[in-house]
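Residue numbers (the working numbering): 9 to 776.
Dropping the structure here:
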């Protein structure tokens, strides 16, 4: 789901992939600490870094007395009039008055003078594409009416001379209706929702009677909501405190979201609100900002969010219980809130942030084909043949006269990609041998100078674009052919420069930059750059900047010029290879965008005639493990010199594809959810009320225990076969230390299907 899909689904109480979240409105003095903690430079960057779903825009209002629309009226009769000292209790302009003529005598502000439509449009234009834009307009007509009199005078007037109180609150309401209309018309088509509000509640109950609210406040509330609805907007209604007695009134008035759940206030327990109102309205809030976010630990914050997720599988925008994030709230606890809302697992909670731009394709296209193809296919041994055997450079390069892949058919490749269920391709444009599989103007060592004479990358790119398949490009930094590359006997290099070479790093980097520009300019939309073999350890931001400028949707892996791989990986995503990198092995979910890469062959990535192939079961379980942890999987095939895939590789891909088709729903558009169980022999993924159990390693028995999960699902089905799975909610003798029952899946067909990864689909009626 994208941000908007998740937002609208939450409002409609439909299933979501993970909870919708809103950071809220940090105060001016809270922003520096938040920006520093998260290492970002602006509010916009923070919202993107947190992978938040909502971007708030406060209505721009600038008058001689106020720069905030919620303080538009200068009702004060004495004392300081600045916003910091404004109260509802001090006597206001209308205190003690009952003559209706005094209502007209007040200097009511004209919103048209103080709201600039251009500034409204500029404020909304700052919102990142794809987020739900929330206009914050407050329109607190009841609070302003209280300030117009002073709270005590206001309540006395409402009882003693109700027509006078009504005249004042109606004028205030009319001001907001005029102001909001300016905002709505200026931003037509750019807003998704608005927030209006009045504070009706204390921590123990309503500040005024429900009858008073219904008589004097609800008419204006209905008018404000109806106005917003006429512009097609979702309406959040804000009130702090204990407001349960009037929630039904707000629902009847048309509110779509009740904001916030202040769980410490009387009668505002999330489970009770869900039970009473959850079928009719969505909620926002729930994470206490008075004590928990201020004094609690990150673990405690995470546990609270998990509790909210169990109560509200959907229908709740998880957010602090007050929209104002104050500087006493620890930024680490803000991170913990978002982490637990987005992805949570036992031991630590970590959020894998989305990029918030065109690169987010990476999170929806999860399974890809890697292709290692070049001159080395002629040797039928290894893609690093020149380096590993080694082969003299001139002898190796002479093979260009024999390379003629006359059976290359990109459509056949992509037919197989789609049959297997893969959804993107990464192609080797230049490996460590320096041979270019594209038509470069900067070298003669290229595919178009072979007997074949055609640009295979152009053919593949055209086919990918026609079929809507994202294409990523592999490029090796190391180059055993280019005369300016500083070969010095490191991995993937010649032992020393060859006769006639002129090692010059800057000249070589200029060559890389020129080729990168060709690759990103001549082949249509490119979705990724897959660097490799930066054994010189050179860091250079110009390459990242060039990619960003030419192909903004392209993800960049961590093996290029942003860090010194393998000592460190930066870029946009990590690239654990085969089983060499075990750093994420014990994690129930990845902590950073990750794409694991693996080949069907055990010895080579390029074509090897006498290859040792992995077993089908090994690769299936590997794919299941990586993808269930939230990672992408890039599975490699090395084509033969004629351009066709080896027969055994095709057979393996089809077997994998048959498995993947059956379990695909458990791996795409889901979130890791292994935190729901203490069982570390399995992995869990989740989509709203559906949980998938991944038996990603050879099972030890025919049962899976999901302790401490104590909820029995409505159904359990083995996706591999479509057959029901037996289950029980019971206390187990082997868990004598745990007196509570737990969920057990039993009599799984592990012996009938020993060579695959079994996946069980659990569907729950109640929140988990």
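Each residue gets a CB set at the ideal place from its N, CA and C atoms; glycine is no exception.
Keep in mind it's a predicted model, so treat the numbers as computed, not measured.
Nearest to residue 1 by CA position, among 719, 711, 639, 659, is which residue? Given a span of 9 to 776 for the chain in the structure shown, any question on residue 1 remains unanswerable.
Measure the C-alpha to C-alpha separation of residue 539 and residue 19 and round it to an integer number of angstroms. 42 Å
Where does residue 694 fall in DSSP's three states? Residue state, collapsed to three classes: strand.
Nearest-angstrom Cα distance between residue 341 and residue 307? Going from the Cα of residue 341 to the Cα of residue 307 covers about 9 Å.
Give the DSSP bridge partners of residue 484, in chain order. 540
So the candidates are 226, 387, 520, 631; which of them puts its Cα closest to the Cα of residue 705? Closest option to residue 705, Cα to Cα, is 631.
Separation of residue 424 from residue 146, as counted between CA atoms: 55 Å
For residue 350, which of helix, strand or coil comes out of DSSP? helix
When the Cα atoms are used, what is the spatial distance from residue 671 to residue 732? 15 Å
Sorted by chain position, which residues of the same chain lie with C-beta nearer than 8 Å to residue 717's C-beta, five sequence neighbours on each side aside? 684, 685, 750, 751, 776
Three-way DSSP call (helix, strand, coil) for residue 267 in this model: strand
Report yes if the CB atom of residue 645 is closer than 8 Å to the CB atom of residue 377, and no otherwise. yes
Whole angstroms is fine: what's the gap from residue 391's alpha carbon to residue 695's? One Cα belongs to residue 391, the other to residue 695, and the distance between them is close to 41 Å.
Is DSSP giving residue 722 helix, strand or coil here? coil
Other residues of its chain near residue 371: CB distance less than 8 Å, five sequence neighbours each side excluded: Contacts found: 362, 601.
Judging by CA-CA distance, which residue of 668, 669, 693 is the nearest neighbour of residue 677? 693
Are the stretch 56–66 and the stretch 16–30 in contact at 8 Å, needing three or more beta carbon pairs? Output reads yes: the stretch 16–30 touches the stretch 56–66.
With respect to 7 Å, is the separation between the Cβ of residue 78 and the closest non-hydrogen atom of the ligand NAD below this value? Summarising the ligand content, the structure contains no ligands, and the ligand NAD is consequently not present.
Locate the beta strand (DSSP E) running through residue 508, then write down its first and last residues. Neither: residue 508 is in no beta strand (DSSP E) and is coded neither H nor E.
Which word fits residue 316, buried or exposed, when buried means at least 16 other C-beta atoms lie within 10 angstroms of its C-beta? Buried, by the Cβ-count rule.
So for residue 564, helix, strand or coil by DSSP? strand
Among the residues of its own chain, which have a CB less than 7 Å from the CB of residue 648, if the five just before and after it don't count? 385, 615, 654
List the endpoints of the continuous beta strand (DSSP E) containing residue 605. 603–607
Which of the three DSSP states, helix, strand or coil, is assigned to residue 140? strand
Give a yes or no on contact between the stretch 474–484 and the stretch 424–437, applying the rule of three or more CB pairs nearer than 8 Å. yes
For residue 617, the three-state DSSP class (helix, strand or coil): coil
Let's see if you can read the secondary structure: which residues bound the beta strand (DSSP E) around residue 752? That run of the beta strand (DSSP E) goes 750–754.
Among all the DSSP beta bridges, which residues are the ones paired with residue 328? 295
Within 8 Å, strictly: CB atoms of residue 230 and residue 261: yes
8 Å contact criterion, which residue 621 and residue 610 should meet: CB distance rounded: 7 Å
Look up residue 438 in the DSSP assignment and say whether it is helix, strand or coil. strand
Beta-carbon within less than 8 Å of residue 475's beta-carbon, same chain only, minus the 5 sequence neighbours each way: which residues are those? 422, 426
In this structure, what does DSSP give as the bridge partners for residue 582? 602
From residue 714 to residue 552, what does the alpha carbon distance come to, in whole angstroms? 44 Å
Please report the straight-line C-alpha distance between residue 287 and residue 99, rounded to a whole angstrom. 42 Å
Which partner residues of residue 432 appear in the DSSP bridge assignment? Partner(s): 376.
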